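Undergrad:
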Amino acid sequence: MGVKKVLLILAFLGFLYLDGLPLCTASVVHNYTYVLKETNFTRLCSTKSMLTVDGQFPGPVLRVQKGDTAFVTVQNNGKYGVTIHWHGVKQPRNPWSDGPENITQCPIKPGKKFTYEVVFSNEEGTLWWHAHSDWSRATVHGAIVISPKNGTSYPFPKPYAEEVIILAEWYKGDVKEIIDEATATGADPNVSDAFTLNGQPGYPNNCSIATTYRLRVIQGKTYLLRLIHAGMNEEMFFAIAHHKLTVVAQDASYLKPINTSYVMISPGQTMDILVTANQSPSHYYIAARPFFDSNAPYDNSTTTAILQYVGNYTPPSSPSFPTLPKITSKSAADNFTTRLRALASKDHPISVPTGVDERIFITVSVNQLTCDKAVCGGPNNSILAASLNNISFSTPKIDILQAYYRNLSNVYESNFPNRPPFIFNFTGDSNDNLLLPSTGTKAKIIEYGKRVEIVFQGTSIGNPENHPMHLHGFSFYLLGTGYGNFNKTTSPKTYNLIDPPEVNTFGVPKSGWATIRFVANNPGVWYMHCHLERHASWGMNTVIIVKNGTTSATSIRPPPANLPTCS
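Taken in order, the sequence shown gives residues -26 to -1, 1 to 541; the numbers are from mature numbering (1 follows the signal peptide of the UniProt record, and there is no 0).
#1: What whole-angstrom Cβ distance do residue 260 and residue 278 have, given they're in contact under 8 Å?
#2: I'd like the span of the alpha helix (DSSP H) that includes residue 310, first residue to last.
#3: Determine the extent of the alpha helix (DSSP H) in which residue 374 is found, giving its start and end residues.
#4: Hey, residue 477 and residue 432: beta-carbon distance below 9 Å or not?
#5: On the CB-based measure, 16 or more other CB atoms within 10 Å of its CB, does residue 471 come out buried or exposed?
#6: Quick check on DSSP: helix, strand or coil for residue 348?
#7: For residue 19, is the classification buried or exposed, using 16 other Cβ atoms within 10 angstroms of its Cβ as the cut-off for buried?
#8: Got a sec? Which residues, its chain only, sit under 8 Å from residue 164 by beta carbon, not counting five neighbours each side?
#9: Is residue 46 closer than 9 Å to residue 100 when the C-beta atoms are compared?
#10: In the DSSP assignment, what are the bridge partners of residue 542?
#11: Go ahead and pull the three-state DSSP assignment for residue 330.
#12: Just how far apart, CA to CA, sit residue 134 and residue 281?
#13: Taking the DSSP output, what are the residues bridged to residue 225?
#14: Whose CA, out of 468, 98, 252, 463, lies closest to the CA of residue 456?
#15: Give a yes or no on contact between the region 61 to 68 and the region 507 to 515, applying the rule of three or more CB pairs nearer than 8 Å.
#16: Please determine if the region 398 to 417 and the region 363 to 371 are in contact, where contact requires at least 3 C-beta pairs separated by less than 8 Å.
#17: Would residue 530 be called buried (16 or more neighbouring beta carbons within 10 Å of its own) or exposed?
#18: Grab the span of the beta strand (DSSP E) containing residue 11 for me, first residue to last.
#19: Which residues does DSSP list as the beta-bridge partners of residue 547?
#20: Judging by CA-CA distance, which residue of 78, 341, 255, 446 is the nearest neighbour of residue 285?
#21: Quick check on DSSP: helix, strand or coil for residue 487?
#22: By the three-class DSSP mapping on this structure, what secondary structure does residue 416 have?
#23: Say whether the region 378 to 391 touches the region 421 to 431, bearing in mind that this needs 3 or more beta-carbon pairs closer than 8 Å, one atom from each stretch.
#24: Considering Cα atoms alone, identify which of 106, 5, 97, 485 is closest to residue 122.
#25: For the alpha helix (DSSP H) holding residue 361, just list the boundary residues, first then last.
#26: Among all the DSSP beta bridges, which residues are the ones paired with residue 246?
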């Protein structure tokens, strides 16, 4: 990674008073260069070439402070077009650098480059960046570490050290070929061959023990683990043998501390976790394996690393292994996720909208399309699909942001519905007549400043499972979740309006519902999709367009001069 020396600039002329003394506030501009290129890696006893940033897996860490700006020039020396998304970064008024392919930009072609302007605002903690083209994010991803501004601190004692921990998936095959073949046949794509922890599968995977990632710690010290789930298609349980975890943040927003023996984390989510090395000096396994309660195919393997104490002692022949919940334990997943509460302190306040101007109800389903050739790979000779409000999203050839900004026609329709086309027993009826969705490129248009509530309703159609949903351009409040069908009278009575977690990715429970609320104060075109990659590939996506406000300060910024061209 080429990282130029940062240039300190005044972000605005203003003063904060600390103990009666004026403190000039400033932000920093960072300049990075990321080079996309094919690199050989050996895992699970075999070697393959795969797309990386700077030859690294995981990719480099992007480090900033709260409120900074990073210019990241991405040089594509790979074999196909790619974009990069800055997951969880709100990018105020700047959707041009958000990154999803053919939503806010066309891909960076091989041999070309594009400079992203990544604008940080109130995010603080851990986020991540990843490719947003087909399945290339399997190998193209890395951490974003956002430290507190100078003169401020964490809302907990400063840890002795910090460590990034990235969970990912390893495919022996070429991930682009895997999804291209699945798309061509309509079949379910191959599951991964292993999970990785900081790039290594670890025990008990073949040819992996010697290369297991090791986190070295000093007895008595406390460490901040920045945990990122960059995996493709499975939620994960994570634990460290004989060590308690204290979760203090999720998705770069602080939480009331949660003391636990394990966490459940979904693809796309991040967590900040404090761990104190308070055990006898030894080696202890760090382990992660799926949470999965669907009938769909999945990778049921385990990935490990080793928490290794520094010092003179005889290491064990077999390190202690943590007690992880059963793969299908819905109760274990719920017992963790229902404990998440925003810190909601004086220094880290929240502002939950108490009223609602726009109510949207969205069904989330796995579907099937009619085969358009002699033989298809889905169930009963069908094409596997997925939908929101029974619309399976079709990605256009020209990016929607450009079409919206320049008033181009025949790219998208602005009529994504506020309700599904028909009402049924969503979590009880799996009639085959419900399997077939419509297809289209439909966006939901929202007026600037509106208070928006979206209820996501899981269905029993196809293979139901948990769906981690992600909305670009916003953090929002997760007011509540429940099982069964959402009831507009009784379900809102369970909402947490006091200290709901502020997140950018959240789980819609299998055969259940989840409600989020936010203010539409970020004008632009923003992608909303399931972060299970196979579901996103099948069409479990849509676009939210927030219209401009009444001033230039509440309107989309003009496009950069070097946007990649569409072809």
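Beta carbons: idealized from backbone N, C-alpha and C, even for Gly. All values derive from a computational prediction rather than experimental measurement.
TA: So, from the data block:
#1: 6 Å
#2: 304 to 311
#3: 374 to 379
#4: no
#5: exposed
#6: coil
#7: exposed
#8: 145, 147, 152, 156
#9: no
#10: This structure leaves residue 542 out entirely; the chain is present only between -26 and 541.
#11: coil
#12: 15 Å
#13: In DSSP, residue 225 forms no bridge with anything.
#14: 468
#15: no
#16: yes
#17: buried
#18: 1 to 17
#19: For the chain, the structure presents residues -26 to 541; residue 547 sits outside this window and is missing.
#20: 255
#21: strand
#22: strand
#23: no
#24: 97
#25: From DSSP, residue 361 is part of no alpha helix (DSSP H) but of the beta strand (DSSP E) over 356 to 362.
#26: 200, 223
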